[in-house]
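This report concerns only the one structure given below.
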Amino acid sequence: MSADVSRRVEVYPGRTVTVEFDPTLTFECVDDCTWCCHHGVLLYDRDLIGLAQRANLAETTTEFRGEKFVTRENKDREDHVSGDGRACAFLRDDGLCTLHLEEDWKPTRCSVFPLGVWLEDDGLHVDIRESAHDHCDGLNVSQRRVIDNLEAFLPELLWELDDPDSNREL
Numbered sequence: 005m006s007a008d009v010s011r012r013v014e015v016y017p018g019r020t021v022t023v024e025f026d027p028t029l030t031f032e033c034v035d036d037c038t039w040c041c042h043h044g045v046l047l048y049d050r051d052l053i054g055l056a057q058r059a060n061l062a063e064t065t066t067e068f069r070g071e072k073f074v075t076r077e078n079k080d081r082e083d084h085v086s087g088d089g090r091a092c093a094f095l096r097d098d099g100l101c102t103l104h105l106e107e108d109w110k111p112t113r114c115s116v117f118p119l120g121v122w123l124e125d126d127g128l129h130v131d132i133r134e135s136a137h138d139h140c141d142g143l144n145v146s147q148r149r150v151i152d153n154l155e156a157f158l159p160e161l162l163w164e165l166d167d168p169d170s171n172r173e174l
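So the sequence shown is numbered by my numbering: it starts at 5 and just counts up by one.
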């Protein structure tokens, strides 16, 4: 990313992020993509509380390297799974998310896709995940500019985390 594209943007009052992507980039989820459901959904503490209000944590979460994730399970549809045939436990057979559609709720990690978030000495940084350029069908297909809608992608919780790195996978 060239230095002339990077810029600080206030997302919430007093909460800024360095944007490392082209400000003209647009994103909108598209039907039947589900690429974001393949990686394992990292759950921060606040997400665990929210999920516990909607599902049985013992049945829907797993621990990996000391962190909690939504369980991945075998899925029948080849177009909705990663190479190992597994995807998020909340991904329905029709390619839609139970938590988002039926509960009107998303874990932080789901809100962030297709962005990558990390912490540097000067604060939070955000860019498009490298793999999104190859796999995410929602990039540059709408008029919804990501930079104008950062609050939808970056829950305020991210500024409170010691390690908001969104590249950690199950």
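In this text, a Cβ means the ideal position worked out from N, Cα and C, and glycines have one as well.
Per DSSP, the unbroken alpha helix (DSSP H) holding His-137 starts and ends at 136-139.
Scanning the segment 96-148 for uninterrupted beta strand (DSSP E) segments of 3 residues or longer gives 119-124, 127-132, listed from N- to C-terminal end. Under the DSSP assignment, Glu-71 falls in the beta strand (DSSP E) whose first and last residues are 71-74. If you ignore the 5 residues before and after Glu-24, its C-beta comes within less than 8 angstroms of the C-beta of Met-5, Val-9, Ser-10, His-129, Val-130, Asp-131, all in its own chain and listed in chain order. Checking the DSSP bridge columns, you'll see Arg-11 partnered with Val-23. According to DSSP, Arg-172 shares a beta bridge with no other residue. One alpha carbon belongs to Leu-52, the other to Val-34, and they sit about 27 angstroms apart. Boundaries of the alpha helix (DSSP H) harbouring Ala-156: 154-157, taken from the DSSP string.
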